[in-house]
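Protein chains in written order, with the numbering used here: chain A, 51 to 543; chain B, 2 to 102.
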């Protein structure tokens, strides 16, 4: 059995039992599991090959060519293989631009959602009885002065470049930020022969007391051994500067130097490439635009769709699995994908091996071990979440600066949605992905409250830009014909 | 700004702002340009500041390029193909002249 690879919108069926959006660990596991249990499954993913970001291009690489990636990456091969050998439809390179819950609820056919997809330059709308949103995580924005200069990227971006194209930054590389990924990337870049001039660690020392409480759990987790060996390896070969309290990237038309403060000392280091990272947060745009209830996760300092223990969102038939529902890592995401597949199939009336659930729940608990410590220790300091410097760009698309936002907040706007209409913050092509968290953080800081009280942008479809011609070329539905012409299509002219 | 760990086994040729470039088949346009030493893809729509790829995973929209005449394609999500004609974008898009009636 092999998955049917769909390369144009016309080959996507009109209806599926289950649509899985995203082909990272959660999506791959959910789709393979659901197909194995007899569901008719469509998997849609933006990238050309399965794996998401963590297992990016895993089916196209080999340990011989890219040994620097390590065993945790190669473990993704088995998962991608099980997906590609499943009986399902797979639309790589496809973009989901809308997800609309079926308004009438159960229409007799059990349709719960309508999904707008763009594939190879053409758009279509399809129906699904259940949907698993597995859109994964993105890096938390790190708004510092100069972060929009060419030559400044996220650490994740450099890792994706390494995995997907076997390229590494040339010249002097400076990594700045906090969290496990920055040390993992530093180790991988070292192995790949990159010249790392410095690692500027912004971990907030004031977080240690709060994190210590979660230390015993962390010491028993697989994160500990891996983390310790990475830390030692990087510290042996790279100048690591800890206790960074402020950063600024300078350069004329591209990054040239990075200036940093440790307490009252100011230093600069020359850089050809600056890689920023301060943890990852759920990529919630699709779930949010679909209307799933969104909640604040204080420990992870991010918004996430509200879910039950099996990934069920606030909308019937719509589930969220993996890091898109809260950060837990790749193995955790994979198990969540299987659990969500069970739950989704149960809602559409397919038989599910309920006895396997207990073991999956136990696995999920095991893979969540150690997370609390990492979340608590690596919460970025307020200066890196709500930039104090008024000239720092917050909204990269519309070039709105922190000072402007603080000024608008002082005028008394009720929330991020009103702020958006004042200054176009969050209204560019990225649809707030790069600024939403910062906006909520700035507003919370100004008002002396929590982002939980502030909330975040209300998002709407299309969640990804779509050409008008693609929309216009879609076959009109009977209701659309009636809306425009005043006649139902079978009435004739 | 980036260098290749190995030479492409199955290269394709494409152009960026009329300059012919080589890339590995299957790699993203953004990674192909970075490997060719291009770090500025466009100028921003408000201040005209230089911008290049930031996230490489489809969320930041900094790597927007005009690909075979289609504007605002995400360079990190488009696979490079033989003969592709790619151009950089400058500032905000001008509306076609003459149609503003």
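Glycine included, C-beta positions come from ideal geometry on N, C-alpha and C.
So what does DSSP say about residue i, is it helix, strand or coil?
i: residue 311 of chain A; result: strand
i: residue 124 of chain A; result: helix
i: residue 179 of chain A; result: strand
i: residue 320 of chain A; result: strand
i: residue 204 of chain A; result: strand
i: residue 43 of chain B; result: strand
i: residue 75 of chain B; result: strand
i: residue 85 of chain A; result: helix
i: residue 521 of chain A; result: helix
i: residue 345 of chain A; result: strand
i: residue 242 of chain A; result: coil
i: residue 386 of chain A; result: helix
i: residue 50 of chain B; result: coil
i: residue 8 of chain B; result: coil
i: residue 262 of chain A; result: helix
i: residue 448 of chain A; result: coil
i: residue 396 of chain A; result: helix
i: residue 435 of chain A; result: helix
i: residue 502 of chain A; result: helix
i: residue 101 of chain B; result: Bear in mind that a pLDDT of 47 at residue 101 of chain B, under 50, signals an unreliable position, so the number given afterwards is only what the model happens to contain. The answer is coil: DSSP assigns residue 101 of chain B none of H, G, I, E or B.
i: residue 486 of chain A; result: helix
i: residue 77 of chain A; result: helix
i: residue 402 of chain A; result: coil
i: residue 210 of chain A; result: helix
Need the endpoints of the alpha helix (DSSP H) that residue i sits in, please.
i: residue 284 of chain A; result: 272-287
i: residue 328 of chain A; result: Not the alpha helix (DSSP H): residue 328 of chain A falls in the beta strand (DSSP E), residues 323-328.
i: residue 353 of chain A; result: From DSSP, residue 353 of chain A is part of no alpha helix (DSSP H) but of the beta strand (DSSP E) over 352-355.
i: residue 68 of chain B; result: No alpha helix (DSSP H) contains residue 68 of chain B, which is instead part of the beta strand (DSSP E) from 65-68.
i: residue 531 of chain A; result: 528-535
i: residue 513 of chain A; result: Per DSSP, residue 513 of chain A belongs to no alpha helix (DSSP H) and is neither H nor E.
i: residue 443 of chain A; result: Here residue 443 of chain A belongs to no alpha helix (DSSP H); instead the beta strand (DSSP E) covers 443-445.
Between which two residues does the beta strand (DSSP E) holding residue i run?
i: residue 68 of chain A; result: 65-71
i: residue 87 of chain B; result: 86-88
i: residue 109 of chain A; result: Careful: residue 109 of chain A lies outside any beta strand (DSSP E) and carries neither H nor E.
i: residue 458 of chain A; result: Taken as a continuous stretch (DSSP letters only), residue 458 of chain A belongs to no beta strand (DSSP E), being part of the alpha helix (DSSP H) at 452-460.
Closer than 7 Å by beta-carbon distance: list the chain A residues that pair up with residue i, in chain order.
i: residue 94 of chain B; result: Under the 7 Å cutoff, chain A gives no residues; its nearest Cβ is about 11 Å from residue 94 of chain B.
i: residue 5 of chain B; result: 216, 217
State the beta-bridge partners of residue i as determined by DSSP.
i: residue 20 of chain B; result: B:17
i: residue 43 of chain A; result: With chain A covering 51 to 543 only, the question about residue 43 of chain A has no answer from this structure.
i: residue 94 of chain A; result: A:71, A:141
i: residue 219 of chain A; result: B:3
i: residue 492 of chain A; result: DSSP output for residue 492 of chain A lists no bridge partner at all.
i: residue 249 of chain A; result: A:225, A:290
i: residue 149 of chain A; result: A:165
i: residue 91 of chain B; result: B:44
i: residue 188 of chain A; result: A:331
i: residue 362 of chain A; result: A:369
i: residue 29 of chain B; result: B:80
i: residue 54 of chain A; result: A:139
i: residue 174 of chain A; result: A:167
Which residues of chain B have a Cβ atom closer than 7 Å to the Cβ of residue i, listed in chain order?
i: residue 449 of chain A; result: 45, 47, 48
i: residue 214 of chain A; result: 28, 29, 32
i: residue 96 of chain A; result: 59, 78
i: residue 377 of chain A; result: Simply none; closest approach about 15 Å.
i: residue 211 of chain A; result: 3, 32, 35, 57
Determine the direct distance from the alpha carbon of residue j to that of residue i, and round the result to whole angstroms.
i: residue 71 of chain B; j: residue 511 of chain A; result: 21 Å
i: residue 102 of chain B; j: residue 519 of chain A; result: No answer about residue 102 of chain B holds up, because its pLDDT of 44 lies below 50 and its placement is not dependable.
i: residue 431 of chain A; j: residue 325 of chain A; result: 18 Å
i: residue 151 of chain A; j: residue 340 of chain A; result: 7 Å
i: residue 212 of chain A; j: residue 218 of chain A; result: 6 Å
i: residue 422 of chain A; j: residue 328 of chain A; result: 16 Å
i: residue 335 of chain A; j: residue 483 of chain A; result: 7 Å
i: residue 58 of chain B; j: residue 5 of chain B; result: 19 Å
i: residue 468 of chain A; j: residue 185 of chain A; result: 27 Å
i: residue 480 of chain A; j: residue 514 of chain A; result: 8 Å
i: residue 231 of chain A; j: residue 251 of chain A; result: 12 Å
i: residue 286 of chain A; j: residue 246 of chain A; result: 12 Å
i: residue 379 of chain A; j: residue 97 of chain B; result: 47 Å
I want to verify the contact list: residues of chain A whose CB lies under 8 Å from the CB of residue i, in sequence order.
i: residue 60 of chain B; result: 188, 333, 480, 483, 484
i: residue 40 of chain B; result: 200, 201, 304
At a cut-off of 7 Å, is residue i close to the ligand PLP when judged by its beta-carbon and the heavy atoms of the ligand?
i: residue 426 of chain A; result: In terms of ligand content, the structure shown is empty, and the ligand PLP therefore cannot be addressed.
List the residues of chain C whose Cβ lies closer than 7 Å to the Cβ of residue i, in chain order.
i: residue 34 of chain B; result: Protein chains in the displayed structure are A and B, and chain C is not among them.
Determine the chain B residues that contact residue i at a beta-carbon separation under 9 Å, and present them in chain order.
i: residue 446 of chain A; result: 45, 52, 55, 61, 62, 63
Name, please, each residue of chain A whose Cβ falls closer than 9 Å to the Cβ of residue i.
i: residue 2 of chain B; result: 200, 201, 219, 220, 221, 304, 322, 323
Please list, in chain order, the chain B residues whose beta carbon lies closer than 8 Å to that of residue i.
i: residue 103 of chain A; result: 58
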